[in-house]
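S.K.: To convert, count from 1 in the first sequence and add 1; that's this note's numbering.
C-beta: ideal position from N, C-alpha, C; glycine also.
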Amino acid sequence: MRSPRICCLDLDTFFVSVERLLNPELIGKPVVVGGRLGSRGVVTAASYEVRTYGVHSGMSIVEASRLAPHAVFIPGTHGVYSGYTTRVREVLERYTPEVRTASIDEFYLDFSGCERLYRRPEHGDDDATIEATVRDMRQAIQRDVSLPASAGIGVSRRIAKMASRRAKPAGVYMVRCGEEWSFLAPQPVRAFPGIGPSTESRLQSAGIDTLGQLMTLPPGPRRSRFSGLAESVRAAAERRDRLGRERPAFREHGQFGSTLGSISNGCTFAEDIRDPSSVETHLLGLVDRVSWRARKRGVLARTVTLTLRYADFDTITRSRTGPATAETERLRATVVDLFRKNRTRRMAVRMVAVAVSNLVQPRPQLSLPLGAEPAPVSQAIDAVRSKHGFDAIKVGSTGGLRFHRTGIAPPAVASKT
DNA sequence: TCTGGGGTCCTAGGACCC
DNA sequence: TCTGGGGTCCTAGGACCC
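(1) Which runs of the alpha helix (DSSP H), 4 residues or longer, sit entirely within the stretch 115-142?
(2) Grouping DSSP H, G and I as helix and E and B as strand, with all else coil, what is residue 169?
(3) In three-state DSSP terms, what is residue 359?
(4) Just reading off the beta strand (DSSP E) that residue 270 is part of, what are its end residues?
(5) Name, in chain order, the residues that DSSP records as bridge partners for residue 101.
(6) Is the distance from the Cβ of residue 156 to the Cβ of residue 181 below 7 Å?
(7) In angstroms, rounded to a whole number, what distance separates the CA positions of residue 154 and residue 277?
(8) Just to check my reading of the structure: residue 13 and residue 169 have Cβ atoms closer than 8 Å, yes? What is that Cβ distance to the nearest angstrom?
(9) Among 325, 282, 268 and 355, which one has its Cα closest to the Cα of residue 36?
(10) Please report the distance separating the alpha-carbon of residue 294 from that of residue 381.
(11) Spatial neighbours of residue 184 within its chain, please: C-beta separation below 6 Å, excluding the five flanking residues on both sides.
(12) Could you tell me which residues DSSP puts in a beta bridge with residue 311?
(13) Check for me: the alpha helix (DSSP H) holding residue 237 runs from which residue to which?
(14) Near residue 302, which residues of its chain fall below 7 Å by C-beta distance, leaving aside the five closest residues on each side in sequence?
(15) How is the alpha helix (DSSP H) around residue 213 delimited, first residue to last?
(16) Distance check for residue 288 and residue 329, CA to CA, integer angstroms please.
(17) By the three-class DSSP mapping on this structure, what secondary structure does residue 47 have?
(18) Classify residue 185 as helix, strand or coil using the three-state DSSP reduction.
(19) If you count every other CB in all the chains shown that lies within 10 Å of the CB of residue 342, and 16 or more means buried, which is it?
(20) Take residue 8 as the anchor and find which of 132, 26 and 70 has the nearest alpha-carbon.
(21) Cα-Cα, which of 90, 76 and 264 is closest to residue 11?
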């Protein structure tokens, strides 16, 4: 069997790089993209210049500004980033049709079997052919989209992911066929994708520090606490899953028993909110947004989940499953009911979120199931939003409308509200 | 110095049915 | 009246990723 060749392509300090394209004065300066200075936000991207001061993504803005007061803090230009993601993907698709967008700044490509297509006399072997192709692709992104990227290549997605980290900044790193174990073994357990702070500390207290130690834990009938994890690491060195099945390089939404995912929106308040009815108002806005996104994607949701975070960071989730719907009013009723029944503490609320999951595609039929067909008013609102964006209209708790932009004619149906 | 937002996946317990 | 084993679905929480 031919060895699988997976490439992980990662855009370097993506948000910072895009901001520098928009404003070249930021080039060479320490830049932090995140929430507003003094807000409750966290760092979403930090330039290499500011990382030397200990600033990293996920850190609170307050902490970052203490470590690097001289840095330029920008809130970020939401809405423009995904356009660059699309442009990068277009470049990648020139090299292989097997491209998956994993996140706004990360892609996986399958080059398995592409060796003959790209073979040149100067390449020594198949590995060298693929590596040269990926180097060329990386340069094409720099040339055509002006964004720096790094790429890792290996036998599985996890190996490729780890290789791409080693390639940073703006490089390519290949784990050659057969060298997977020697690549993994000396690395700390935390380097493996999927092992975070919690698992790391559990492993460490059992005296396991490196992936080599973890991989050589005996498999088999006497399963230790970590044997499943050890098997995951061993599997990453080959093209199979934890249960030994050979698996496809990529899995599509809705394929192989997977689901259509979930859609969620949430918000952390600038200040904790004590008044329940004020929290409910925010919830209604979130439901509005989530249900709109579901309708845009053409899916119905069977499960609705409310997340409630109190001022002391205690966080609860409550969900309810029922008939599939994407209708705002039905979802609003469920979420408000979940909130009223489950806000048991008197404490002020810090954050709320609404998610829909258990998504299904409406079956094509003459009469749509209840909730699949938007009410006339919703339809009119959706139409305006498709043209002008979600924020063009705000729907009040009673269904009343507010137009946030001038020059938009209210839909005729909505005028009766 | 408190700790975002949008996701995925896994686990464990309970209900319910056969 | 007591006693089972599976399988599936639902719920809640947690770990992790970018």
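M.R.: Result, derived from the coordinates:
(1) 116-119
(2) In the structure shown, residue 169 sits in coil (DSSP, three-state: anything other than H, G, I, E or B).
(3) strand
(4) For residue 270, the enclosing beta strand (DSSP E) covers residues 264-274.
(5) Beta-bridge analysis with DSSP links residue 101 to 109.
(6) yes
(7) 52 Å
(8) 6 Å
(9) 268
(10) 15 Å
(11) Counting only Cβ-Cβ distances below 6 Å, and skipping sequence neighbours, we find 176.
(12) 350
(13) 228-237
(14) If we look at residue 302 and ignore the five residues flanking it on each side, its Cβ neighbours are 295, 325, 326, 327, 357, 358, 359 and 360.
(15) 212-216
(16) 7 Å
(17) Strand.
(18) helix
(19) exposed
(20) 132
(21) 90
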